[in-house]
Amino acid sequence: MKRLLLVTGLAFGLWLSGWAEKVTLTYLGHSCFTLQAGGGPILMIDPYGTPTRCPALPKPADVVLITHGHIDHCPWCYGEKDRVLGTPILVWPFDEQGRVKEGRWRLADWLTVDFVEATHVTKDGRGEGLVCLFAFDLGGIRFAHLGDLGRPLTEDQIEALGSVQVLMIPVGGVLHHRRGRGDPGDKAAPHSAGDAAHALLRGGVLPLEGDGAHRRILAPGSGGGLADPAVR
51 MKRLLLVTGL AFGLWLSGWA EKVTLTYLGH SCFTLQAGGG PILMIDPYGT PTRCPALPKP
111 ADVVLITHGH IDHCPWCYGE KDRVLGTPIL VWPFDEQGRV KEGRWRLADW LTVDFVEATH
171 VTKDGRGEGL VCLFAFDLGG IRFAHLGDLG RPLTEDQIEA LGSVQVLMIP VGGVLHHRRG
231 RGDPGDKAAP HSAGDAAHAL LRGGVLPLEG DGAHRRILAP GSGGGLADPA VR
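According to this note's numbering, the sequence shown holds residues 51 to 282 in order.
Right under this line is the structure:
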């Protein structure tokens, strides 16, 4: 039987019985994670600049994904070049017009990532610009990171992200999803963390930022244990 095993705290170990590789996922604060399958290369998502009150960086990485150009997600955008150790491949997913280069991108021989465009701006006008949602398979597990997603996921975005097993999603604060589920009578696309998880997920949720909710692992309302990655 396939299982998801978590070590509580800031470092998580994820592995599925029946798969050869263990995936180590480490939460470094705010929206920043590193992921490593076996003893292989390290993927980092959204390292933060020094104004963010998290002490974990710098840490090493081989590939770094940036969801958008704010200092709490892209220190290089503000001249901070020492937040990641080593000489990583820095992945900036936007074109010269500031739009996400949507599609499936092979970034390394061990990493292919789906880029999905979304807005940072909330329904009440807070936030600014666009963000890139990332989805990828690592060690036989389908992950997605939603950056600072400000609006409900559309059906096209849900389809592009695929059948996700581990979801990293912003919750709490003024620019992020509410925890829990939305109004059952609301026919709009998902607009809370619980709704987004319900739409995408077959595994567990790792809430980001917010008010400390990132310390807990939230299970979706349906789906039970982990399923095999979707064939897309």
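Idealized CB from N, CA, C, for every residue including glycine.
This one's a predicted model, so the numbers in the text were calculated from it and none came from an experiment.
Contact under 9 Å by Cβ, P220 with L199: yes
Start-to-end residues for the alpha helix (DSSP H) that takes in I208: 205-211
Between the CA atoms of E205 and M94 - distance to the nearest angstrom: 27 Å
Nearest-angstrom Cα separation, counted from L180 out to G148: 8 Å
Local conformation of Y128 per DSSP, three classes: helix
Where the beta strand (DSSP E) through Q86 begins and ends: 83-87
CB-CB length for T162 against F186, believed under 8 Å: 7 Å
For L196, the three-state DSSP class (helix, strand or coil): coil
Which residues DSSP lists as bridging I95, in chain order: F83, L115
Selected residue, minimal CA-CA separation from K151, among I116, D132, I191, G90: I116
Three-state class that DSSP yields for L75 in the structure shown: strand
Beta-bridge partners of P105, as assigned by DSSP: None, per the DSSP bridge assignment.
Cβ-Cβ separation, T100 to E130 (assumed contact under 8 Å), whole Å: 6 Å
L107 burial status per 10 Å Cβ neighbour count (16 or more: buried): buried
Segment limits, beta strand (DSSP E) that includes E152: No beta strand (DSSP E) contains E152, which DSSP labels as neither H nor E.
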